[in-house]
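One point on numbering: in the numbering used here, the residue at position 128 of the sequence shown is 215, and numbering is uninterrupted.
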Amino acid sequence: MKYLALIYGDEARWAGLWPEERDREMREYVAVAQEDVTVGGNELDATATATNVRVRDGETLVTDGPFVELKEALGGYYIFECGSIDEACRWAAKIPAARHGAVTAVGSAPWRARLDPGARLRRRARRAPERENGPSAGR
88 MKYLALIYGD
98 EARWAGLWPE
108 ERDREMREYV
118 AVAQEDVTVG
128 GNELDATATA
138 TNVRVRDGET
148 LVTDGPFVEL
158 KEALGGYYIF
168 ECGSIDEACR
178 WAAKIPAARH
188 GAVTAVGSAP
198 WRARLDPGAR
208 LRRRARRAPE
218 RENGPSAGR
């Protein structure tokens, strides 16, 4: 199952780190990103660049910046492929922000599978010839 690890940190803390401290911490983020369980992820732009969108009574309302002032802002995420929430939490604990901010681990709901149970089988069938022949087949 896929688990989303939402990374919350203090932007002011990050900006105040010495370059060597920031480099050391970035190496830790990269190490987590390179693990086999990590199937996706990204750092987000600063919260000052965020835009909020709401629809009320059919009218779209767009406002700049985060809705509330937060000390710990959402700064990025990883997507882990794990067997359980406990395993996802063990990986989340390796993210540097877990030491000075917070990391929220949450499972993804397989809504597409519920809407179309045959979708996974069709995808698997489309990929089968590539797996059998390999990307260099016929050369």
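Just so it is clear, CB atoms sit at the ideal spot from N, CA and C, and this is done for glycine as well.
All of these numbers come straight from a predicted model, not from anything done at the bench.
By the 16-neighbour rule on beta-carbons within 10 angstroms, Val119 is buried. Taking all protein chains shown into account, Ala179 has 16 or more neighbouring C-beta atoms within 10 Å of its C-beta and is therefore buried. As DSSP reads the structure, Ala189 sits in a beta bridge with Tyr95.
Note that the C-beta distance between Lys89 and Glu168 is below 8 Å.
Distances from the CA of Arg186 to each of Leu131, Leu91, Glu115, Trp105 were compared; the closest alpha carbon is that of Glu115. Distance between Ala92 and Lys181, taken at the CA atoms: about 11 Å. Beyond the five residues adjoining it in sequence on each side, Glu130 comes within less than 6 Å, by CB distance, of Gly163 in the same chain, given in chain order. Within the same chain, Cβ atoms closer than 7 Å to the Cβ of Ala133 are found at Glu98, the five residues on either side in sequence being excluded.
The beta carbon of Val142 lies closer than 8 Å to those of Leu148 in the same chain, with the five residues before and after it left out.
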